[in-house]
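Visitor:
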Amino acid sequence: MDRVSAQLPEAVADRYVDRTGGAWAVIHADSLPKVAAFLKNDPELEFKLFGSIDAVDRLHLAENDPRFEVVYFLYSLKRHEHVRLKVRVSEANPVVPTLVPLFRGANWWERLTFDFYGIRFDGHPDLRRILLYDEFEGHPLRKDYALRDRQPLIPERPIKDIFRGPGTSGLS
Amino acid sequence: MADTLKPEAPNPDTDAYAHESELEAHLQTKRMVINMGPSHPATHGTVRLKVELEGETIVKIDPEIGFLHRGFQKSCENVTWTQCLPYTDRLNYLSAMMNNFGFLNAVEKLIGLEIPERAQYIRVIGSELHRLTDHLTCVGATGLEMGGFAPFLLAMEFRELLHDRTAELTGARLTTSFGRVGGSNRDLPEGWVARVHKTLDQGLALLDEMEGLLTNNRIFVDRTKGTGVISAEDAIEYGYTGPALRACGVDYDIRKTKPYWVYDRFDFDIPLGEHGDNYDRYLVRLEEMRQSIRILRQAMDTIPAGPIIVDDWRIALPPKPEVYGTIEGVMSHFKLVMEGIQVPAGEVYDATEASNGELGWYLVSDGRGRPYKVHVRAPGFPVLAAVPHIIEGKMLADLIPTFDTINMIGGEVEQ
């Protein structure tokens, strides 16, 4: 993280260490590919193993502006360390540049994040839903998506147990 | 054409019967799209593979997942931390204990909790038991789908023996929900260690027999060697971990590089492959099973006596006599069951080595009894994402061994 700050000072918005000792860097969205490329190609760092991508909807947290946080995990086989990056995007314009040209493994994780949070990845070659079907409306992991909201493709049969069974909202 | 045929009657048993150029001729085909799955026996879960074929060559392949999707994250965000355990079981139903313990490890790290030594040993033993069952299923199924039923039966026999031991330990064969935040919910049963030693003896004999049937088998070697090849650079870029990465020759195992629990006390090796093909992945899994047996034996011989769960009523349920006899016991029991463990606000990313690779958990807590966010980095997700890269341009028949040896698990991929 010190090297990133030294090399690309304008890219890093914030840095902190969480309670468990993990070092985090909050990156400005537009400089994400630059930071990732530096982490991957720097001969002393070599964060080449692609971990994962996910997002956090901070709607109910104390600090919730901007609303979404996209988190990135990379791993260095040379230093045996994880690196944790964060990009914060607003609800009005949830767009992050894609990492697919740099890491082919990012392809499916970005689709997953798009599927569940509605965050768009600028420049992604094939941004479509991955787990849910195309007809699905909304993004189910957003905190304002109701837990028992159902969107069946085939109408479900009504059953007697209104609280636990399929086909009911649980509210009636 | 006709003038090239010999005047004497051709012998239909030799190639001379057909013209040389006819043997090499391109088969007249048109491009065809076939669906493999969603519930094809060779896909180990419900995955639909949209395969575009040119003859027998795969031109394009698009894996479509999500048929099993049951909202793992959303479910976890609406129950207490302890109640997430049964959900984590179902991520990988063949090595449920590793998912349990990986999740608990991340939660404990978030709390800042050190679990008792005996509980750490129990976790190592449980993990290695389920690493064995997972690899056995994978290797056995690989043999089965290459046409060998006997190796599959041998693997299943060993697996059944291990499942019996698992059932004695946890009360369940597949979905164990074993372990609690702060330690373990039960101790090892009486006489269990001796029985596991005996099972491992029997199992090693079964393993040897299975290996004898597969490793030098002409059909098996021909179909797995040199197929499904991925280079080390590509594997790293895709995010491969576990046996699939180690088959490429990359030495990365979290048990060695960043030991958790008591793994650093045991003597074991990390097997590595060279070519990154299906055969190497099979060999790596086979050797890992032997190493797991080594770890199990050492762990069971050196397990210390002591408590199995932390003595903190804010995290672990109080002992039953306290619950029935004291008001403090009743209160903490109720608070733990109704409100859940109050995990301090914060975030953590923690990974353990599951049977298929790095099982990472990114947890966010807002300080209440329920997780705010549970992200699971399933090891099967990247290996499946790379299947189009591996298999495009290869034969349809290569898809089956590739799909076997990467060991994609539907449950964790589709969350």
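Line by line, the protein sequences give chains A and D. Sequential numbering of the first sequence, starting at 1, is according to UniProt numbering. Sequential numbering of the second sequence, starting at 1, is according to UniProt numbering. Here a beta-carbon is modelled for each residue, glycine too, at the ideal position from N, C-alpha and C.
1. Touching or not, the stretch 368-378 of chain D and the stretch 254-263 of chain D, by the rule of three or more beta carbon pairs under 8 Å?
2. Cα-Cα, which of D:Lys394, D:Gly239, D:Phe67 is closest to Leu77 (chain A)?
3. Counting only beta-carbon separations shorter than 7 Å, does Lys320 (chain D) have a partner in chain A?
4. So that I know if they touch, is there some Cβ in chain A lying closer than 7 Å to that of Asp366 (chain D)?
5. What residues from the stretch 118-149 of chain A come within 7 Å of chain D, judged by C-beta to C-beta, listed N to C?
6. For Glu358 (chain D), which residues does DSSP report across the bridge?
7. Could you check what DSSP says for residue 237 (chain A) in three-state terms: helix, strand or coil?
8. Residues of chain A with a CB under 7 Å from the CB of Gly66 (chain D): which are they?
9. Find the residues of chain A that neighbour Thr257 (chain D), judging by a C-beta separation of less than 7 Å, and give them in chain order.
10. How would you call Gly45 (chain D), buried or exposed, if buried means at least 16 neighbouring beta carbons within 10 angstroms?
11. Pull up the CB-CB distance for Ser332 (chain D) and Gly346 (chain D), whole angstroms please, since I reckon it's below 8 Å.
12. I want to verify the contact list: residues of chain D whose CB lies under 7 Å from the CB of Phe103 (chain A), in sequence order.
13. Closest to Gly276 (chain D) by CA distance: which of D:Gln291, D:Tyr362, D:Met98, D:Thr224 is it?
14. Can you say whether Ala119 (chain D) is buried or exposed, counting buried as having 16 or more other CB atoms within 10 angstroms of its CB?
15. Name the chain A residues whose beta carbon is nearer than 8 Å to that of Gly360 (chain D)?
16. Residues of chain D with CB closer than 9 Å to the CB of Arg88 (chain A), please, in chain order.
17. Does the CB of Asn407 (chain D) have a neighbour CB from chain A at under 7 Å?
18. Beta-carbon separation of Ala92 (chain A) and Val100 (chain A) under 7 Å?
19. If we define contact as Cβ-Cβ less than 7 Å, is Tyr252 (chain D) a contact residue for chain B?
20. Restricting to runs no shorter than 3 residues, where is the beta strand (DSSP E) found entirely within the stretch 51-127 of chain A?
21. Could you tell me the alpha carbon to alpha carbon distance between Gly191 (chain D) and Pro86 (chain D), rounded to whole angstroms?
22. Is DSSP giving Ile270 (chain D) helix, strand or coil here?
23. Hey, could you find the ends of the alpha helix (DSSP H) residue 419 (chain D) is sitting in?
24. Could you give the distance in angstroms between the alpha-carbon of Glu159 (chain D) and the alpha-carbon of Ile390 (chain D)?
25. CB Pro66 (chain A) to CB Arg84 (chain A), shorter than 7 Å?
26. Along chain A, which residues have their Cβ under 8 Å away from the Cβ of Asn35 (chain D)?
27. Just the C-alpha distance for Ile27 (chain A) and Glu358 (chain D), rounded to the nearest angstrom, thanks.
28. Kindly indicate the opening and closing residues of the alpha helix (DSSP H) around His135 (chain D).
29. Check the Cβ-Cβ distances between Leu171 (chain A) and every residue of chain D, and say whether any is below 7 Å.
30. At what residues does the beta strand (DSSP E) containing Arg377 (chain D) begin and finish?
31. Among D:Phe220, D:Thr176, D:Leu154, D:Thr241, which one has its Cα closest to the Cα of Thr352 (chain D)?
32. Would you give the residue range spanned by the beta strand (DSSP E) that Leu68 (chain D) belongs to?
33. Strictly below 7 Å CB to CB, what residues from chain A border Asn78 (chain D)?
34. Do you know how far the Cα of Leu245 (chain D) is from the Cα of Arg265 (chain D)?
35. DSSP on Val4 (chain A), reduced to helix/strand/coil?
36. Could you name the residues of the stretch 106-120 of chain D whose beta carbon sits closer than 8 Å to any beta carbon of chain A, in the order they occur along the chain?
Guide: This is what the structure holds:
1. no
2. Position 77 of the first sequence, counted from the start, is the residue given in the question as residue 77 (chain A). The option with the nearest alpha carbon to Leu77 (chain A) is D:Gly239.
3. Translated into the one-based positions of the second sequence, residue 320 (chain D) becomes position 320. So, not an interface residue.
4. Position 366 of the second sequence holds residue 366 (chain D). Closer than 7 Å to some Cβ of chain A, the Cβ of Asp366 (chain D) qualifies, so yes.
5. Ile130, Leu131, Leu132, Pro140, Leu141, Leu147
6. Against the second sequence, residue 358 (chain D) aligns to sequence position 358. Partner(s): D:Glu353.
7. In the structure as shown, chain A starts at 1 and stops at 172, and residue 237 (chain A) therefore has no counterpart that could be examined.
8. Looking up residue 66 (chain D) in the second sequence gives position 66. Correct list: Ile130, Leu131, Leu132.
9. Residue 257 (chain D) sits at position 257 when you count from the first residue of the second sequence. Result: His80.
10. By 1-based counting over the second sequence, the position of residue 45 (chain D) is 45. The residue is buried, with at least 16 neighbouring Cβ atoms inside 10 Å.
11. Locating residue 332 (chain D) in the second sequence gives position 332, where the first residue counts as 1. Locating residue 346 (chain D) in the second sequence gives position 346, where the first residue counts as 1. The pair is not a contact, with the Cβ atoms about 23 Å apart (cut-off 8 Å).
12. Here the question's residue 103 (chain A) lines up with position 103 in the first sequence. Within chain D, the residues near Phe103 (chain A) are Glu237.
13. On the second sequence, residue 276 (chain D) is found 276 positions in, with the first residue counted as 1. Out of D:Gln291, D:Tyr362, D:Met98, D:Thr224, D:Thr224 has the C-alpha closest to the C-alpha of Gly276 (chain D).
14. The count along the second sequence starts at 1 and reaches residue 119 (chain D) at position 119. Ala119 (chain D) is buried by the Cβ-count criterion.
15. As a first step, residue 360 (chain D) is located in the second sequence; it is residue number 360 there, counting from the start. Under the 8 Å cutoff, chain A gives Gly51, Ser52, Phe73.
16. The sequence position of residue 88 (chain A) within the first sequence is 88, counting from 1. Here the premise fails: no neighbours, minimum Cβ distance about 14 Å.
17. Here residue 407 (chain D) refers to the residue found at position 407 when the second sequence is read from its first residue. By this cut-off, Asn407 (chain D) is not an interface position.
18. Along the first sequence, read from residue 1 onward, the residue named residue 92 (chain A) stands at position 92. Along the first sequence, read from residue 1 onward, the residue named residue 100 (chain A) stands at position 100. For Ala92 (chain A) and Val100 (chain A), no; Cβs fall outside 7 Å.
19. Absent from the structure: chain B. Protein chains present are A and D.
20. 68-76, 81-89, 95-97, 120-122
21. Here residue 191 (chain D) corresponds to residue number 191 of the second sequence, with the count starting at 1. Here residue 86 (chain D) corresponds to residue number 86 of the second sequence, with the count starting at 1. Computed Cα separation, rounded: 27 Å.
22. As a working mapping, residue 270 (chain D) is identified with position 270 in the second sequence. Coil, per DSSP.
23. Given a span of 1 to 415 for chain D in the structure shown, any question on residue 419 (chain D) remains unanswerable.
24. Here residue 159 (chain D) refers to the residue found at position 159 when the second sequence is read from its first residue. Here residue 390 (chain D) refers to the residue found at position 390 when the second sequence is read from its first residue. Just to set this straight, residue 159 (chain D) is Arg in the shown sequence, not Glu. Roughly 30 Å separates the two Cα atoms.
25. The residue given as residue 66 (chain A) occupies position 66 in the first sequence. The residue given as residue 84 (chain A) occupies position 84 in the first sequence. Not closer than 7 Å, so no.
26. What you label residue 35 (chain D) is simply residue 35 of the second sequence in a count that begins at 1. Correct list: empty, because the minimum Cβ distance to chain A is about 16 Å.
27. Counting from one through the first sequence, the residue named residue 27 (chain A) turns up at place 27. Counting from one through the second sequence, the residue named residue 358 (chain D) turns up at place 358. In a straight line, the C-alpha of Ile27 (chain A) is about 25 Å away from that of Glu358 (chain D).
28. Looking up residue 135 (chain D) in the second sequence gives position 135. Start and end: 117-145.
29. Start at 1 with the first residue of the first sequence, and residue 171 (chain A) comes out as number 171. Residue placement at Leu171 (chain A) cannot be trusted, given a pLDDT of 47 that sits under 50; what the coordinates show is reported in the next sentence. It does not; no Cβ of chain D falls within 7 Å.
30. As a first step, residue 377 (chain D) must be located in the second sequence, where it is residue number 377. Its beta strand (DSSP E) spans residues 371-377.
31. For the purposes of this step, residue 352 (chain D) is taken as residue 352 along the second sequence, with counting starting at 1. When only C-alpha atoms are compared, the closest one is D:Thr241.
32. On the second sequence, position 68 is the one that residue 68 (chain D) refers to. It is not in any beta strand (DSSP E) - Leu68 (chain D) carries neither H nor E in the DSSP assignment.
33. On the second sequence, residue 78 (chain D) is found 78 positions in, with the first residue counted as 1. Those are Leu147, listed as they occur along chain A.
34. Start at 1 with the first residue of the second sequence, and residue 265 (chain D) comes out as number 265. Start at 1 with the first residue of the second sequence, and residue 245 (chain D) comes out as number 245. So the alpha carbons of these two residues sit roughly 24 Å apart.
35. Here residue 4 (chain A) refers to the residue found at position 4 of the first sequence. Helix at Val4 (chain A).
36. Lys109, Leu110, Gly112
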